[in-house]
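The structure under discussion appears below in the form of structure tokens.
Number of protein chains: 2
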Amino acid sequence: MGASFALALRANGYAGRLIGISRSAETLRKAQARDLVDIVSSELSHAGEADVVVLCTPVRTLITQIGQLANLCRPGAIITDMGSTKTEVVRAMDALPAHLRAVGSHPMCGKETAGIDAADASLYRGAPWLLTRTRRSDDEALSIVRALAERVGATPREIGVEHHDALLAFASHLPYALAVALVTATDQFSLNQPEVWQVMAGGFRDTSRVAASDVTMWLDILLTNADAVLGAVRDFQFTLDQFTALLERRDEEGLRAFLAAAAQARKTHFR
Amino acid sequence: MGASFALALRANGYAGRLIGISRSAETLRKAQARDLVDIVSSELSHAGEADVVVLCTPVRTLITQIGQLANLCRPGAIITDMGSTKTEVVRAMDALPAHLRAVGSHPMCGKETAGIDAADASLYRGAPWLLTRTRRSDDEALSIVRALAERVGATPREIGVEHHDALLAFASHLPYALAVALVTATDQFSLNQPEVWQVMAGGFRDTSRVAASDVTMWLDILLTNADAVLGAVRDFQFTLDQFTALLERRDEEGLRAFLAAAAQARKTHFR
């Protein structure tokens, strides 16, 4: 996410100085070789030079880093992030000293492949970019983060922090849980029926795609939004039970209405 | 499926005469205007002229049509189909008179959009095409259907009928059920939280895609493979319960192992 952001800023004419910080020497070497940023560093302390710090690590890592930045950033600096859950992130931002500013931020894009080798200047184009106010947000900080989002082609949208996590539990975390469980159940089934992997077509491929995503990123998302995710899974199980009951009864008209309503909703909300 | 098959046969140099049969006058008019086939007809009885009849209707419709073809086809004619379930189709083929031949057939491709307007000459390219023997199959009939599949770029593969339906319950019908239940649960949630549809990204889009597919086609698939689908859904629910239990306990290491195994399986079986 960070390398793509640097690429996208440069591709869209951003003239400011970019500092790339990573623990990985290989990532830093590649960033330098490809001229992705002006300065590379393995030390978070380099963030002390920045006007805006964009944390692109997994959610629980970035929460730790917010605490570390409290003693590193200069007065007036803006800390923001790219985490997919916001409640715990914003709580950490709220606790920052009053001379720092912070805006919760969530660009809604990604790939199954993470890391600098998958960097893509067009990753953010057309993506929703959700912004959440914190106790350390002022209007200027919000408009600066908003402008960065617009610079890379995303569409910023402000949203309350709890609202964010409740919506994302359905829009993103539940689909991931289903993809993981689908692959796991099929993998179990394949112990006796290995040919199942040879008869795969587009439906399974698409439905399971997100299960291949970065595990540490998702572990942090699930653990920082567990209650909302568990609620969404329960709602889903209730709905799946309705489907099962219709099929068990061979209730043709009920099943047709159930499938038709879902097809209609999918077509209405996605082009 | 039928219009795409005609297009694909022509695009790949098939020189035989093509007869297109549909109940829809509009489909026939379009087929004629686009020169998709040599002859158009609204009457199934025209299939009596064919050496090979390819039924591309929903599964329960094509089962009825197999019965009708018993009195229409000429001796030695080969009846095949494109249905996504095989047990009930093959049962109908088994009951055909001994002067007819029949091969169960399932090209594993498709789109959310059905009908002649979505016809696509490349639809079958690279797709697995499953073939099932019936009591009315001989080696010549099998090799003729196999050659048609290869002609349009698909990869034919023979499979037993019950095996087919058990595998497809996981590989195709379960993902559809999950997509439908995901959209339905989210649609219910959106009654109180309509903004959920505004924060959608790639994960939900992909996981739910197949829910937009043709309802009549899927209703027939589910009703002709109900027991295997119900079994796959039960296996899935058991797996989802394991996920839920790990998340409820905030079992970080257990959850990490669960997610990592799914990511590994997904990456192993899909490029």
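Heads up: the protein sequence lines correspond to chains F and P, in order.
Each number in the numbering used here comes from the position in the first sequence (counting from 1) with 1292 added on.
Each number in the numbering used here comes from the position in the second sequence (counting from 1) with 1292 added on.
Ideal Cβ positions, reconstructed from N, Cα and C, are used throughout, including at glycine.
- [ ] Check the Cβ-Cβ distances between residue 1409 of chain F and every residue of chain P, and say whether any is below 8 angstroms.
- [x] Taking CB atoms only, residue 1409 of chain F has no neighbour in chain P less than 8 angstroms away.
TODO: Check whether the Cβ atoms of residue 1578 of chain F and residue 1351 of chain F sit closer than 8 angstroms, and answer yes or no.
DONE: No statement about residue 1578 of chain F is possible, as the shown extent of chain F runs from 1293 to 1563 and does not include it.
TODO: Select from P:1349, P:1348 and P:1332 the residue whose C-alpha is nearest the C-alpha of residue 1341 of chain P.
DONE: The option with the nearest alpha carbon to residue 1341 of chain P is P:1332.
TODO: Identify which residue in F:1459, F:1303 and F:1384 has its Cα closest to the Cα of residue 1493 of chain P.
DONE: For residue 1493 of chain P, the nearest C-alpha among the options comes from F:1459.
TODO: State the beta-bridge partners of residue 1449 of chain P as determined by DSSP.
DONE: In DSSP, residue 1449 of chain P forms a bridge with P:1422.
Open item on the list: Please tell me whether residue 1532 of chain P and residue 1525 of chain F are closer than 8 angstroms, where the distance is taken between their beta carbons.
Closed with: Yes.
Open item on the list: Quick check on residue 1488 of chain P - is its C-beta less than 8 angstroms from some C-beta in chain F?
Closed with: Contact with chain F is found for residue 1488 of chain P, since one of that chain's Cβ atoms lies less than 8 angstroms from the residue's Cβ.
- [ ] Put residue 1305 of chain P into one of helix, strand or coil per three-state DSSP.
- [x] Secondary structure of residue 1305 of chain P (DSSP, three-state): coil.
TODO: Give the residues from the segment 1412-1424 of chain P that approach chain F closer than 9 angstroms (Cβ to any Cβ), ordered along the chain.
DONE: Against chain F - using a Cβ distance shorter than 9 angstroms - the residues of the segment 1412-1424 of chain P are 1419, 1420 and 1422.
Task: Span separating the alpha-carbon of residue 1407 of chain F from that of residue 1299 of chain F - done: Approximately 13 angstroms between the Cα atoms of the pair.
- [ ] Compare the C-beta of residue 1483 of chain F with all C-beta atoms of chain P and state if any pair is closer than 8 angstroms.
- [x] No, because no Cβ of chain P sits closer than 8 angstroms to the Cβ of residue 1483 of chain F.
Task: Contact set between residue 1468 of chain F and chain P, taken where Cβ atoms lie within less than 7 angstroms - done: The contacting residues are 1495.
- [ ] To the nearest angstrom, report how far apart residue 1358 of chain F and residue 1415 of chain F are at their CA atoms.
- [x] One C-alpha to the other measures close to 25 angstroms.
- [ ] Could you tell me the distance, in whole angstroms, from the CA atom of residue 1430 of chain P to the CA atom of residue 1420 of chain F?
- [x] In this model, residue 1430 of chain P and residue 1420 of chain F are separated by some 57 angstroms (Cα to Cα).
Task: At least three beta-carbon pairs within less than 8 angstroms, the segment 1466-1481 of chain F to the segment 1440-1447 of chain F - done: Judged by Cβ distances under 8 angstroms, the segment 1466-1481 of chain F makes no contact with the segment 1440-1447 of chain F, as fewer than three pairs qualify.
Task: residue 1313 of chain P versus residue 1449 of chain F - alpha carbon distance - done: So the alpha carbons of these two residues sit roughly 52 angstroms apart.
Open item on the list: For residue 1452 of chain P, count the other beta carbons within 10 Å of its own beta carbon; 16 or more makes it buried, fewer makes it exposed. Which is it?
Closed with: Residue 1452 of chain P comes out exposed.
Task: Endpoints, alpha helix (DSSP H) assigned at residue 1358 of chain P - done: First-last of the alpha helix (DSSP H) with residue 1358 of chain P: 1351-1361.
Open item on the list: Runs of 3 residues minimum, wholly inside the segment 1490-1534 of chain P: which ones carry the beta strand (DSSP E) assignment?
Closed with: DSSP runs (the beta strand (DSSP E)) wholly in the segment 1490-1534 of chain P: none.
Task: Terminal residues of the beta strand (DSSP E) in which residue 1312 of chain F lies - done: 1311-1313 is the span of the beta strand (DSSP E), which, as asked, contains residue 1312 of chain F.
- [ ] Kindly indicate which three-state DSSP category residue 1472 of chain P falls into: helix, strand or coil?
- [x] Three-state result, residue 1472 of chain P: helix.
Task: Integer-rounded CB distance, given that residue 1555 of chain P should sit under 8 angstroms from residue 1504 of chain F - done: Confirmed, about 5 angstroms.
Task: Outcome for residue 1317 of chain F when other beta-carbon atoms lying within 10 angstroms are tallied against a minimum of 16 - done: Exposed is the label assigned to residue 1317 of chain F, since fewer than 16 other Cβ atoms lie within 10 Å of its Cβ.
Task: residue 1244 of chain P burial status per 10 Å Cβ neighbour count (16 or more: buried) - done: For chain P, the structure presents residues 1293 to 1563; residue 1244 of chain P sits outside this window and is missing.
TODO: Could you tell me which residues DSSP puts in a beta bridge with residue 1372 of chain P?
DONE: Within the DSSP secondary-structure output, residue 1372 of chain P pairs in a beta bridge with P:1346 and P:1395.
Task: Cβ shell of residue 1418 of chain P (< 8 angstroms), same chain only, five flanking positions each side left out - done: Excluding residues within five positions, the ones whose Cβ falls inside 8 angstroms are 1445, 1446 and 1447.
Open item on the list: So for residue 1435 of chain P, helix, strand or coil by DSSP?
Closed with: Here DSSP, grouped into helix, strand and coil, assigns residue 1435 of chain P to helix.
Open item on the list: Taking DSSP's pairing of strands, which residues face residue 1332 of chain P in a bridge?
Closed with: Partner(s): P:1312.
TODO: Identify, in the order they occur along the chain, each residue of the same chain with its Cβ nearer than 6 angstroms to the Cβ of residue 1384 of chain P, setting aside the five sequence neighbours on each side.
DONE: Only 1355 and 1358 meet the Cβ criterion.
Task: Secondary structure of residue 1293 of chain P, DSSP reduced to three states - done: If DSSP states are grouped into helix, strand and coil, residue 1293 of chain P belongs with coil.
Open item on the list: Using the three-state DSSP reduction, which class does residue 1400 of chain P fall into: helix, strand or coil?
Closed with: In this structure, DSSP gives residue 1400 of chain P a state outside helix and strand, which the three-state scheme calls coil.
Task: Distance CB(residue 1426 of chain F)-CB(residue 1386 of chain F) smaller than 8 angstroms - done: Going by C-beta atoms, residue 1426 of chain F is nearer than 8 angstroms to residue 1386 of chain F.
Open item on the list: So with CB distances below 7 angstroms, who are the chain P contacts of residue 1378 of chain F?
Closed with: Contacts between residue 1378 of chain F and chain P, judged by CB atoms closer than 7 angstroms, are missing: the closest CB pair is about 12 angstroms apart.
Open item on the list: Since residue 1423 of chain F and residue 1464 of chain F should fall inside the 8 angstroms C-beta cutoff, what is the C-beta to C-beta distance between them, to a whole number of angstroms?
Closed with: Distance from residue 1423 of chain F to residue 1464 of chain F at the Cβ level is roughly 17 angstroms; contact not present, criterion being Cβ atoms closer than 8 angstroms.
Task: Delimiting residues of the alpha helix (DSSP H) encompassing residue 1324 of chain P - done: Residue 1324 of chain P: member of the alpha helix (DSSP H) spanning 1317-1325, first to last residue.
Task: Short CB-CB distance (under 8 angstroms) between residue 1492 of chain F and chain P - done: Output row for residue 1492 of chain F: interface = yes.
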